[in-house]
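Going by full-length UniProt numbering, the final residue of the sequence shown carries number 186, and the count climbs one at a time with no gaps. Cβ coordinates follow ideal geometry from the N, Cα and C atoms, glycine included. Nothing here was measured: the structure is a model prediction, and the numbers come from that model. Taking it in order: structure first as structure tokens, then the write-up.
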Amino acid sequence: MWSSHKPWIPRPMLSVHVRMGDKACEIRVAPLEEYMRLADRIRERFPELNRIWLSTEMKEVVDRSKEYGQWRFYYVEVARQVGNNLMAEYEAILEREMSTNYPLVKFLMASEADFFIGALGSIWCFLIDGMRNTGGKLMSGFLSVNKDRFWHWLSDVQSVSVWNQFRSVSRAVLDTKQIKHRLQGR
């Protein structure tokens with residue numbers, strides 16, 4: 001049986017996924033301050049925005065969020081990483097049920113938020129962006145703390161709508177290139 005019920009989320013909501021720890025061996029990890037600079041830029045365009053769904057495994061990030069009194073942070077109360085433990089070690093601390101339910105809640109909340117800030121190069125952020133796109137949030141944008149792939153062309157985003165136009169063109173260009181390569185047998 002299908003249901004149209006969705007979780008209640010105070011609106012507008014910005015989702016911020018801050019990954020640190022062992023991810024540093026794969027991509028440049030950014031401190032919370034860089035995410036918050038992007039959040040402030042979104043807020044300039046949408047002054048009523050004052051809520052952040054904070055998704056992170058790091059205790060330090062949750063502790064630092066308290067320094068941003070102009071924002072109201074929401075997050076799951078769960079044991080968090082201290083230091084640079086491997087993700088597998090952290091999940092073992094949470095135990096099976098929590099290490100399954102906690103990421104699912106983070107994922108669903110992030111995909112339902114009105115705006116999203118993450119890190120290009122993070123598979124988790126890629127999955128969230130994909131879910132947001134299929135859930136009708138294609139035009140709501142994805143801001144990244146990493147200057148990865150397309151970001152060197154658009155270093156000073158003036159508005160979310162500009163980013164969405166750029167993002168649509170970039171995806172179309174990528175799709176065209178991928179189709180050409182497949183047709184040419186590459």
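One or two residues paired with residue i in a DSSP bridge
i	result
residue 100	According to DSSP, which records beta bridges pairwise, residue 100 is partnered with nothing at all.
residue 51	72
residue 14	52 and 115
residue 58	81
residue 144	118
Where the alpha helix (DSSP H) through residue i begins and ends
i	result
residue 82	No alpha helix (DSSP H) contains residue 82, which DSSP labels as neither H nor E.
residue 19	Unbroken run through residue 19: none, as it is neither H nor E.
residue 128	123–134
residue 30	Residue 30 -> no alpha helix (DSSP H), and no H or E assigned at all.
Nearest candidate by alpha-carbon position, reference residue i, set the options
i	options	result
residue 120	15, 28 and 10	28
residue 187	106, 59, 134 and 60	Residue coverage of the chain in this structure runs from 1 to 186, which leaves residue 187 outside it and unanswerable.
residue 35	55, 47 and 97	55
residue 122	109, 84, 19 and 113	19
residue 74	52, 88 and 44	52
residue 86	50, 12 and 26	26
residue 135	145, 68 and 114	114
residue 110	41, 89 and 76	76
Expected contact under 8 Å - CB spacing of residue i and residue j to nearest Å
i	j	result
residue 80	residue 59	4 Å
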